[in-house]
Amino acid sequence: VSTAVAIARSPRSLPPPRATPSLARGHMADTWGTLRPSDSAHRRCTQLDGLWAFIADHKDDGHASGFCSGLPESGRTPIAVPASWNEQLPELDSFLGPAWYERTVWAPLGLTPRQRVCLRFGSVNYSCEVYFNGERAGAHEGGHLPFEVDVTCLLRSSGEPNLLVLRVDGRLEPTHVPPGGGWGAMAPGCFPRASFDFYPFCGVQRSVQLCVRPASGLEGLKIETRLEGLTAGAASAASVVMRCRCGTGVSRVRASLWTQGGVEAGEASDGTVDAETAEARCAVRVLRPTLWAAGASYLYRLRLEALDADGAPIDSYEQRLGLRTVEASDDGLLLNGETVSMRGFGRHEDFPLVGRAEVGAVLVRDHACLRWVGANSYRTAHYPYSEVDLDLADEHGLLV
Numbered sequence: 005v006s007t008a009v010a011i012a013r014s015p016r017s018l019p020p021p022r023a024t025p026s027l028a029r030g031h032m033a034d035t036w037g038t039l040r041p042s043d044s045a046h047r048r049c050t051q052l053d054g055l056w057a058f059i060a061d062h063k064d065d066g067h068a069s070g071f072c073s074g075l076p077e078s079g080r081t082p083i084a085v086p087a088s089w090n091e092q093l094p095e096l097d098s099f100l101g102p103a104w105y106e107r108t109v110w111a112p113l114g115l116t117p118r119q120r121v122c123l124r125f126g127s128v129n130y131s132c133e134v135y136f137n138g139e140r141a142g143a144h145e146g147g148h149l150p151f152e153v154d155v156t157c158l159l160r161s162s163g164e165p166n167l168l169v170l171r172v173d174g175r176l177e178p179t180h181v182p183p184g185g186g187w188g189a190m191a192p193g194c195f196p197r198a199s200f201d202f203y204p205f206c207g208v209q210r211s212v213q214l215c216v217r218p219a220s221g222l223e224g225l226k227i228e229t230r231l232e233g234l235t236a237g238a239a240s241a242a243s244v245v246m247r248c249r250c251g252t253g254v255s256r257v258r259a260s261l262w263t264q265g266g267v268e269a270g271e272a273s274d275g276t277v278d279a280e281t282a283e284a285r286c287a288v289r290v291l292r293p294t295l296w297a298a299g300a301s302y303l304y305r306l307r308l309e310a311l312d313a314d315g316a317p318i319d320s321y322e323q324r325l326g327l328r329t330v331e332a333s334d335d336g337l338l339l340n341g342e343t344v345s346m347r348g349f350g351r352h353e354d355f356p357l358v359g360r361a362e363v364g365a366v367l368v369r370d371h372a373c374l375r376w377v378g379a380n381s382y383r384t385a386h387y388p389y390s391e392v393d394l395d396l397a398d399e400h401g402l403l404v
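Residue numbering for the sequence shown follows our numbering, starting at 5 and increasing by one per position.
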């Protein structure tokens with residue numbers, strides 16, 4: 005069965021459970037998101053994926069039992085991260101939480117006072133409490149977007165391991181997004197009772213990373229593409245306009261744009277940081293650009309450098325970027341000023357054995373199947389998809 009035409013795992017008829025229950029892709033907005041994890045001359049990311057220790061907290065007494073300082077040896081079992089617990093452990097097929105995860109984390113070598121260390125979670129469904137060396141480091145509610153927790157001040161020395169513990173609760177509530185919790189069931193007699201038609205897989209479902217970055221540097225980015233002289237889907241020029249949110253110590257931001265062949269494209273203007281808003285505005289203008297189009301992807305590489313008052317670089321960041329504009333008009337959807345007809349499917353992130361986990365091989369196969377049938381688009385199913393999924397869509401010229 006083609007995974008590109010994935011069938012969602014819907015709420016099913018089951019016995020009662022044993023326990024009581026982005027960035028820089030569209031128009032500029034007033035809110036900021038965190039920068040994607042990346043490696044550069046000033047940044048390093050370490051994957052924490054793999055086998056973690058796990059305990060299902062059927063009695064919801066983990067707090068009272070001191071799980072936040074470490075899971076007991078009795079009752080723990082290995083579990084894969086990222087992946088939903090409902091698919092990995094058959095006895096937890098209908099269990100929505102809470103549950104606890106644990107693993108050790110080593111401090112990065114060569115860490116300096118000018119750096120900070122964050123834990124970055126791609127997706128944990130639904131609510132998550134983060135404990136680091138027994139201290140509550142942070143919490144997050146919402147199962148479909150990434151979040152970060154700064155653990156710089158909680159790190160032990162590089163000669164000792166650090167203990168990371170998570171409490172994850174996927175039980176449905178009317179106030180959750182999407183809502184659930186005993187009302188508005190899609191089909192009578194199904195578990196869980198929810199107002200949506202897909203299974204609420206629980207657990208750590210996307211990658212976990214340990215990120216090292218400058219204590220003061222680039223903190224947020226918004227990008228807008230403006231095309232000039234549009235004719236038949238081609239442009240005479242393109243301007244990439246950036247707003248960069250900066251930390252203290254950043255005086256100026258330098259931007260550059262590079263082709264897929266490694267050649268610098270266009271004229272760039274640096275941006276000076278406004279002391280009041282902590283923002284820098286910069287731009288790159290490219291003559292006769294190669295535009296990103298459905299079925300004909302072309303991605304430039306954007307490089308940003310944060311400079312101090314002496315002009316020395318203190319942070320750097322890169323991301324791939326397609327030059328395009330998207331508009332809605334009375335004639336339909338316009339991509340680069342041309343009407344585009346969308347052909348594709350609705351998709352879910354579900355897959356056997358892993359639930360709603362981010363699995364690179366599955367995503368690669370999905371996109372290969374989409375191209376094979378001649379699709380140029382797909383519809384996400386009710387929740388934000390992973391950044392890896394969107395990167396693949398960019399790579400293959402698929403509208404989302």
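Think of the CB as a built atom: it goes at the ideal place given N, C-alpha and C, for glycine as much as any other residue.
Small disclaimer: the values here were computed from a predicted structure and weren't measured.
| Asked | Found |
| --- | --- |
| Round the Cβ separation of Arg249 and Glu223 to the nearest angstrom and send it over; I've been treating them as touching at under 8 Å. | 5 Å |
| What are the boundary residues of the beta strand (DSSP E) that Glu232 is part of? | Leu222 to Glu232 |
| Whose C-alpha, out of Asp278, Ser390, Pro76 and Ala45, is nearest the C-alpha of Leu149? | Ser390 |
| Quick check: the region 159-174 against the region 318-333, are at least 3 beta-carbon pairs closer than 8 Å? | no |
| Are the region 84-98 and the region 135-142 touching by the rule of at least three beta carbon pairs closer than 8 Å? | no |
| At 3 residues or longer, and completely inside the region 70-137: list those beta strand (DSSP E) runs for me, N to C. | 81-85, 103-110, 119-125 and 131-136 |
| For Ala279, which residues from the same chain have a beta carbon less than 7 Å from its beta carbon, with the 5 sequence-adjacent residues on both sides left out? | none |
| Where does the unbroken alpha helix (DSSP H) through Glu283 begin, and where does it stop? | Where Glu283 is concerned, there is no enclosing alpha helix (DSSP H), although the beta strand (DSSP E) it sits in stretches over Glu283 to Leu291. |
| Does DSSP put His144 in a helix, a strand or coil? | strand |
| When burial is assigned at 16 or more other CB atoms within 10 Å of the CB, is Lys226 buried or exposed? | buried |
| Report the start-end ranges of each alpha helix (DSSP H) in the region 326-400 that is 4 residues or longer and not cut off at the edges. | 364-376 and 391-400 |
| Alpha carbon to alpha carbon, how far is Val121 from Gln92? Give it in angstroms, no decimals. | 31 Å |
| Do Ser243 and Ala313 come within 8 Å of each other at the CB atom, strictly closer than that value? | no |
| Could you say which of Thr252, Leu214 and Val404 lies nearest to Val153 if we only look at CA atoms? | Leu214 |
| Would you mind reading off the limits of the beta strand (DSSP E) that contains Asp173? | Pro165 to Asp173 |
| Is it true that the CB of Leu295 sits closer than 8 Å to the CB of Gly364? | no |
| Please return the same chain residues whose Cβ sits closer than 7 Å to the Cβ of Pro196, not counting the five positions on each side in sequence. | Pro15, Leu100, Leu176, Gly184 and Pro204 |
| May I ask which residues mark the beginning and end of the beta strand (DSSP E) holding Gln51? | Arg48 to Gln51 |
| Using only the alpha-carbon positions, how far apart do Arg307 and Pro388 sit? | 26 Å |
| Would Leu357 be called buried (16 or more neighbouring beta carbons within 10 Å of its own) or exposed? | exposed |
| For Val392, which residues in the same chain have their Cβ closer than 7 Å to its Cβ, ignoring the five residues on either side in sequence? | Glu362, Gly364 and Leu367 |
| Mapping DSSP to helix, strand and coil, what is Thr156? | helix |
| Can you look up Pro317 in the DSSP assignment and give me helix, strand or coil? | strand |
| Compare the C-alpha of Gly221 against each of Glu309, Thr179, Thr235 and Val155 and name the closest. | Glu309 |
| Flag this pair as touching only if the region 61-71 and the region 342-358 have three or more C-beta atom pairs under 8 Å; answer yes or no. | no |
| Give a yes or no on contact between the region 257-266 and the region 332-349, applying the rule of three or more CB pairs nearer than 8 Å. | no |
| Check whether the Cβ atoms of Phe136 and Val155 sit closer than 8 Å, and answer yes or no. | yes |
| Quick one: measure Cβ to Cβ for Gly275 and Arg289, integer angstroms, because I've assumed they're closer than 8 Å. | Contact flag wrong, Cβ pair sits at about 14 Å. |
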